[in-house]
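Input: a single structure, listed below in C-alpha cells.
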Amino acid sequence: MKNVTDYVTGCFSETYAEAREKFLAAAKECCARVESRVLEGYRGAQGEELAMDVARVSSQGASSAIVVISGTHGPEGFCGSGAQVSMLRDTELHTRLRELGTELVLIHANNPYGFSNLQRTNEHNVDLNRNNLDFSRPLQPNPRYKDVHDLQIPREWPPSAETRNRIAEYIRQHGELAYRSAVVQGQHTHPDGVFYAGTETSWSLRNLHQVLSSQSERVRIAAWIDIHTGLGPSGYAEKQSSFSENLPLTRKIWGEDVFSLEENNANSPPIRGTIMSIVSRAFPGAQTASIALEFGTLPWNVVSDNLRADHWRHRYGASLQPSLIEEIKKNVKDAFYVDSDLWRGMVLGQCRAAVMQAMYGIRALS
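Each residue of the sequence shown is one higher than the last, beginning at 1 in the working numbering.
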C-alpha cells in the first residue's frame, strides 16, 4: 500500500513550476511528442516561464483522439496535472492506445498564469470557460450582473452583515437560481468582476484551437475531457456537458450519468461561452464527444467565499498586507485541491476510468 500511496502522491505537485517539470519529464520518459507554447510577456509566481505544454502519446497518424486538458481554471490544474502525469507514466494505458489506434493528447496548463499565481482567471481576469464566444458578433448581455457585482466583491472583507442581508434580500425577491445565474453565467461589463468573459478571444483559447486544428484532417472521432474541481461532494467526479449538439454521443461513450448543464440537472446553472464546443470546431469533419470532469473539494459556500476573497484582493489589494495576500491565495488553492492521499487517489482512478471509457467508446463507434 505504501508504494501505491507513494506513486499517487508523486504524480501531484505543490507549485505550477513543479507540475510543469514533472509533466515534461514524464512525457520525455514515455517518448511522447511535446510542443510548448510560451505565454510571452508574463512570468510565474517564482519568476518561471509560463507555457501551455502539449504531449501526444501513442499512434502518430491515428484517426481517433482523446484530448485531456488541465488548468483551464488556474489552480484546478493541481488536480488535472497530477492525472496527466499519471497517464504519461501508465504503460498499460499506452499499450491499449496503440492496440486501438487512438492518440492521447494531453494539454497541460491551459491557463498557466492562473495556475502559477493561484487565481482561477487568466492574466486579464478572464474566465476561460466563459470566453469561447464569437466576438465578431454583438455580445449577449447579462443585465442582472450589475446588481450583484458589489455584493460579490464588497469594499469590506469579510463581507459585512449589511452585504449579507442585501444578498439575502436579492434572493428573496428574485430566487436562488436567478441570483446564481446572474453571478456565474458570464459578463462583459466589469473587467474586475467575477466570471468575466472578456471582450476578445484569450491567448489560451487561440492556442488551444490551433493545437487541436493541427491534426484535424486525419481525426474522425475525438473525445474531450476537461478536468475541473470545486463543485460537488469531495473526491467524486461529476461528468458534465454544456454542449447539447453532441450530448447523445457523449452519453453513449461515458454513460447516462453525464449531466447536461442545459438540462439544469448538474451542480452548476447554465453558462455561456464554455470551451467544450472548441473540439467540434477544431475537428469539423469528425464525430465529437466532450465532458468536463468536475471533482468536488470543499462545500460550495466555502469555495465561493474563497473565490470572492481573491477577486476582492485584485480589486482592493494595493494596500493589503503580504500575509493577508498569501492567506487568500492559500485558501484559493485549498478550494480547488484537497491535500489528501485519498482525494488524490480518487482523482487518478476516476480520470483513468474516463479515458478508458473514451477509448472503448471510440472503438465501438469505429
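Ideal Cβ placement from N, Cα and C applies to all residues, glycine included. As the structure is a prediction and not an experimental result, all values here were calculated from the model.
Which stretch, first to last residue, makes up the alpha helix (DSSP H) that contains residue i?
{"i": "Glu-29", "result": "16-29"}
{"i": "Ser-323", "result": "322-336"}
{"i": "Thr-102", "result": "From DSSP, Thr-102 is part of no alpha helix (DSSP H) but of the beta strand (DSSP E) over 102-108."}
{"i": "Met-356", "result": "341-365"}
{"i": "Asn-111", "result": "Here Asn-111 belongs to no alpha helix (DSSP H), and DSSP marks it neither H nor E."}
{"i": "Trp-157", "result": "Trp-157 -> no alpha helix (DSSP H), and no H or E assigned at all."}
{"i": "Val-303", "result": "300-316"}
{"i": "Pro-248", "result": "247-254"}
{"i": "Arg-281", "result": "278-282"}
Would you tell me roughly how many angstroms separate the C-alpha atoms of residue i and residue j, rounded to the nearest one?
{"i": "Phe-78", "j": "Glu-21", "result": "13 Å"}
{"i": "Leu-416", "j": "Asp-147", "result": "In the structure displayed, the chain extends from 1 to 366; residue 416 sits before or after that span and is not available."}
{"i": "Cys-351", "j": "Gly-71", "result": "15 Å"}
{"i": "Val-38", "j": "Ile-275", "result": "20 Å"}
{"i": "Ile-362", "j": "Ile-221", "result": "7 Å"}
{"i": "Ser-241", "j": "Asp-310", "result": "27 Å"}
{"i": "Arg-180", "j": "Pro-138", "result": "24 Å"}
{"i": "Ala-65", "j": "Gly-80", "result": "18 Å"}
{"i": "Ala-45", "j": "Ser-116", "result": "6 Å"}
{"i": "Thr-201", "j": "Gln-187", "result": "14 Å"}
{"i": "Glu-35", "j": "Gln-60", "result": "14 Å"}
{"i": "Asp-341", "j": "Gln-140", "result": "43 Å"}
{"i": "Asn-132", "j": "Trp-203", "result": "11 Å"}
{"i": "Glu-123", "j": "Met-359", "result": "35 Å"}
{"i": "Asn-248", "j": "Gly-296", "result": "Here the sequence assigns Pro to residue 248, which means Asn is not the residue at that position. When rounded, the distance between both Cα atoms is 25 Å."}
{"i": "Val-355", "j": "Glu-103", "result": "11 Å"}
{"i": "Ser-244", "j": "Ile-271", "result": "13 Å"}
{"i": "Gly-193", "j": "Asp-150", "result": "9 Å"}
{"i": "Ser-319", "j": "Arg-344", "result": "37 Å"}
{"i": "Glu-262", "j": "Asp-339", "result": "32 Å"}
{"i": "Glu-294", "j": "Ala-51", "result": "23 Å"}
{"i": "Tyr-337", "j": "Gly-317", "result": "24 Å"}
{"i": "Pro-75", "j": "Glu-99", "result": "34 Å"}
Is the CB-CB distance between residue i and residue j below 8 Å?
{"i": "Asn-306", "j": "Ala-286", "result": "no"}
{"i": "Ala-105", "j": "Ile-227", "result": "For clarity, residue 105 is Val in the given sequence; the question names Ala instead. No."}
{"i": "Ala-62", "j": "Gly-114", "result": "no"}
{"i": "Tyr-145", "j": "His-190", "result": "yes"}
{"i": "Trp-224", "j": "Val-258", "result": "no"}
{"i": "His-314", "j": "Asn-125", "result": "yes"}
{"i": "Leu-417", "j": "Ala-109", "result": "Beyond the ends of the chain as shown, which are 1 and 366, falls residue 417; an answer cannot be given."}
{"i": "Arg-120", "j": "Gly-273", "result": "no"}
{"i": "Leu-348", "j": "Ala-26", "result": "no"}
{"i": "Leu-128", "j": "Val-332", "result": "no"}
{"i": "Tyr-16", "j": "Pro-112", "result": "yes"}
{"i": "Trp-312", "j": "Ile-153", "result": "yes"}
{"i": "Ala-32", "j": "Ala-55", "result": "yes"}
Residue i: beta carbon under 7 Å from a heavy atom of the ligand FAD?
{"i": "Gln-287", "result": "The model on display carries no ligand, and the ligand FAD is accordingly not part of it."}
Could you give the residue range of the beta strand (DSSP E) that holds residue i?
{"i": "Thr-288", "result": "287-296"}
{"i": "Ser-260", "result": "258-260"}
Meets three-Cβ-pair contact criterion under 8 Å: the segment 94-101 and the segment 250-260: No, the segment 94-101 is not in contact with the segment 250-260.
Length-filtered (3 minimum) beta strand (DSSP E) runs lying within the segment 34-83: List check, beta strand (DSSP E) in window: 51-58, 64-69.
Contact between the segment 223-237 and the segment 157-175 (3+ Cβ pairs under 8 Å): Look at the beta carbons and you see the segment 223-237 not touching the segment 157-175: under three pairs across the two are nearer than 8 Å.
Stretch pair the segment 2-13 + the segment 82-93: three plus CB contacts closer than 8 Å: They touch, by the three-pair rule.
Entirely enclosed beta strand (DSSP E) segments - the segment 175-240, minimum 3 residues: Listed in chain order, they are 221-234.
Touching by the beta-carbon criterion (3+ pairs, under 8 Å), the segment 158-173 and the segment 207-218: In short, these stretches do not touch, since the Cβ pair count stays below three.
Three-pair Cβ contact test at 8 Å for the segment 290-299 versus the segment 319-328: They do not touch, by the three-pair rule.
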